[in-house]
Every structure is written in C-alpha cells, then in structure tokens.
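Everything below concerns the one structure shown next.
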Ligand SMILES: [Cu+2]
C-alpha cells in the first residue's frame, strides 16, 4: 500500500529526518520519503495503519493529514 501525506510544520532538513524516522518506525512501513519543499510524505509498505502514521508525525510535533 501507499499513502501520501501532507505535513505541516517542517522548516529544515532536520525536520525532514525526524518525520522520516518517525514514519519508518511504524510497523509495516518499508519506505518513507519526505520532501521539505512540497511538504509531502510518501509512505510505502504493507498492513500499516494510516492513523499510526499520523500519530507518529504528531508525536514529533508536526501535523499530518492524508492527501486527497
Ligand atoms: Cu527543522
């Protein structure tokens, strides 16, 4: 499965790394690509819960929502 997220609150490459690490730590996530300029994250994997992705990003102090 694949999920595109819109991330709010990232201001530098360190933020990008925090968000990417948080997403990659979720069970079932194989890959998380985070882009600062577009404020987007693309997550790939199997059987992860989308709510877990959002929660992990929020725990790092950013906000996330699923892209329509
Ligand atoms: Cu930063």
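In this note's numbering, the protein residues as written are 131 to 198. The beta carbon of each residue, even a glycine, is placed where N, CA and C say it ideally should be. From a predicted model like this one, the values you see are computed outputs, not experimental measurements.
Could you check what DSSP says for residue i in three-state terms: helix, strand or coil?
i: residue 140; result: coil
i: residue 166; result: coil
i: residue 171; result: strand
i: residue 198; result: coil
Would you mind reading off the limits of the beta strand (DSSP E) that contains residue i?
i: residue 186; result: Where residue 186 is concerned, there is no enclosing beta strand (DSSP E), although the alpha helix (DSSP H) it sits in stretches over 180 to 189.
Let me check understanding here. Comparing Cα to Cα, which of the options lies closest to residue i?
i: residue 188; options: 165, 152 and 162; result: 152
i: residue 162; options: 133, 185 and 145; result: 133
i: residue 157; options: 131, 192 and 190; result: 131
i: residue 155; options: 185, 141 and 139; result: 185
Our contact map puts residue i next to residue j with C-beta atoms below 8 Å; I'd like the distance itself, whole angstroms only.
i: residue 150; j: residue 159; result: With 8 Å as the limit, residue 150 and residue 159 do not qualify as a contact, their Cβ atoms being about 10 Å apart.
i: residue 135; j: residue 198; result: About 11 Å separates the two Cβ atoms, so there is no contact after all.
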